[in-house]
Amino acid sequence: MTEPVVYKRSFSIALLTLLRAFSPPIVAIGMLFGVARAFGVEFDSHFMMLTVLLSILSPMIMQPPQMTTLQVATGKWSAVAGFLTRWVVLLAVLLAIGYVTKISAVFSRRVVLTWAVVTPAMLILVLLALNNAMRRLMFSQSNLRSAVFAGYSEVSIALAERLRDNPGASIAVHGYFDDRSPERLGVEEEARVLGRLGQLADYVNAHKIEVIFIALPMRHVQRVLDLLDDLRDTTASIYFVPDVFVFDLIQSRTGEILGMPVVALCETPFAGYRGVTKRLTDVTLSLIGLLLLSPLLAAVAMAVRLSSPGPVIFKQRRYGLDGREIQVYKFRTMTVTEDGGAIRQATREDARVTPVGRVLRRYSIDELPQLVNVVRGSMSLVGPRPHAVTHNEEYRKLIKGYMMRHKVRPGITGLAQVNGCRGETARLEDMRARIEYDLDYVRHWSPGLDFKILFKTVWLVLSDPKAY
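Going by the numbering used here, 356 is the number at position 65 of the sequence shown; the sequence numbering is gapless.
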């Protein structure tokens, strides 16, 4: 999926974009060589192997997914925060590879640790310098493009306001064309209605307009076709702005299928490199977690086994990605293992909870076996919490958009849980609030959001009064 680029493409912008794309591997490899030389360590075949890995992994992980120059031109500190997150992911992947291949021991720890700390600082300086140069080019008057709108509507007004509030777009809006009178349109004072749609082509040629946004309702197909025919004599770039944004969209984006343009109204955020980044992070952190927590997991399994009759691991059917049924693993905390048509949610002072189970639930230790679910691919570290199948079937009929939360893998923790929507959902409003957070996560996912939720989860495990 791609998005239209409406700023002027110059050789300078193209060159800076190329430099930004290749700066992570170039700087990372250069710093590795420099640090090794500074400590007098030979840059042998093992370092060469690490160089090859950096050449492959850096462009995949360090490059923001679907990044555009427009994003570079706005919010340098958010770009730095996202960059640091991806650097941590890259280090985690390299650490996992080193552990699996048992080759990490051959490297000088002093060199590797110094490189891991110093390199992001250098990369941030390079990133900020390139971003600053990009901003200067895009904010220059030579890059400014003139634009008009065909159609005065909520959609065209909203886009015009965004262009006005974001100078990095480098678009100067002259006004609107519409066949309705200004009185009927209820035109705002700052808006300029320049004429009727039939006068648009002449205005574009006379004023050398470079961009035309067609913001007519999709039901007026013939009017759009007639307008495009009139504009054949112009050299302006033409963009169609569909009025699909009256809907509640999930990860909306434009693109094409076999050459046919399409607009995604509801889609998973984990397409392309985003999905690769998400999955690599999940597997790497889960394997590290299972390794570090293995003594605790063994002790808990023994305590569950000795405390009450029944299996150590409780398996329950829940809905996962795309609404497919999965089995979720937990340490058994109750005297019952319900997985039928009627499942009663756990309540405070629930008599079914065992003494050991009460401690496990209080600190969410019972959820740790779900790290295996993550490694197997049925769950993610962060995502909407999966509900029992019977609860899913109940609430999907009561809450509009409920099943949209299944556009991503369910998580061990999620945005709803770190915002107080955890535990029993005694009222329908409780579940509605949880679903709103789940859908908000699907709409606005980023690697940084995942790490923020993970850090908040660690804190809440120690202090959440809703854990029982």
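A virtual CB, placed ideally from N, CA and C, is assigned to each residue, including glycine. Quick caveat: nothing in here was measured; it's all calculated off a predicted structure.
Taking DSSP's pairing of strands, which residues face residue i in a bridge?
| i | result |
| --- | --- |
| residue 504 | 440 and 530 |
| residue 373 | DSSP, once it has assigned bridges, lists no residue as partnering residue 373. |
| residue 557 | 541 |
| residue 572 | Beta-bridge pairing links residue 572 to no other residue. |
| residue 705 | Paired residues: none, contrary to the question. |
| residue 606 | 620 |
| residue 291 | With the chain covering only 292 through 759, there is no way to say anything about residue 291. |
| residue 463 | 437 |
Is it the case that the Cβ atoms of residue i and residue j are separated by a distance below 8 Å?
| i | j | result |
| --- | --- | --- |
| residue 421 | residue 346 | no |
| residue 738 | residue 464 | no |
| residue 468 | residue 451 | no |
| residue 707 | residue 687 | no |
| residue 672 | residue 696 | no |
| residue 617 | residue 609 | yes |
| residue 332 | residue 395 | no |
| residue 342 | residue 317 | no |
| residue 350 | residue 375 | no |
| residue 699 | residue 612 | yes |
| residue 596 | residue 625 | no |
| residue 703 | residue 663 | no |
| residue 646 | residue 598 | yes |
| residue 689 | residue 719 | yes |
Which whole-angstrom value describes the C-beta separation of residue i and residue j, a residue pair presumed to lie in contact below a C-beta threshold of 8 Å?
| i | j | result |
| --- | --- | --- |
| residue 701 | residue 670 | 5 Å |
| residue 438 | residue 505 | Going by Cβ atoms, the distance from residue 438 to residue 505 rounds to 11 Å, so no, they are not a contact pair. |
| residue 674 | residue 711 | Not a contact, Cβ separation roughly 18 Å. |
| residue 387 | residue 575 | 5 Å |
| residue 413 | residue 322 | 6 Å |
| residue 326 | residue 405 | 5 Å |
Between residue i and residue j, what straight-line distance do the alpha-carbon atoms span, to the nearest angstrom?
| i | j | result |
| --- | --- | --- |
| residue 401 | residue 603 | 43 Å |
| residue 363 | residue 353 | Model confidence at residue 363 stands at a pLDDT of 46, short of 50, so the residue's coordinates are unreliable; what they give is reported in the following sentence. Roughly 14 Å between the two C-alpha positions. |
| residue 472 | residue 744 | 51 Å |
| residue 456 | residue 741 | 29 Å |
| residue 454 | residue 461 | 8 Å |
| residue 656 | residue 600 | 19 Å |
| residue 750 | residue 709 | 9 Å |
| residue 397 | residue 661 | 33 Å |
| residue 310 | residue 511 | 44 Å |
| residue 735 | residue 728 | 10 Å |
| residue 292 | residue 544 | With a pLDDT of 40 at residue 292, under the threshold of 50, the modelled position of this residue cannot be trusted, and the question is left open. |
| residue 569 | residue 508 | 37 Å |
| residue 348 | residue 470 | 54 Å |
| residue 447 | residue 732 | 27 Å |
| residue 566 | residue 428 | 32 Å |
| residue 520 | residue 531 | 14 Å |
| residue 487 | residue 449 | 20 Å |
| residue 235 | residue 484 | Past the edges of the chain, shown from 292 to 759, lies residue 235, and the structure says nothing about it. |
| residue 588 | residue 444 | 59 Å |
| residue 578 | residue 389 | 13 Å |
| residue 522 | residue 344 | 51 Å |
| residue 534 | residue 561 | 25 Å |
If we define contact as Cβ-Cβ less than 8 Å, is residue i a contact residue for chain D?
| i | result |
| --- | --- |
| residue 444 | Chain labels in this structure do not include chain D; a single protein chain is all it has. |
*Which runs of the beta strand (DSSP E) fall wholly inside the segment 616-692 and span at least 3 residues, in chain order?*
616-622 and 671-673
_List, from N- to C-terminal side, the alpha helix (DSSP H) runs of 4 residues or more that fit wholly inside the segment 714-754._
719-735 and 738-754
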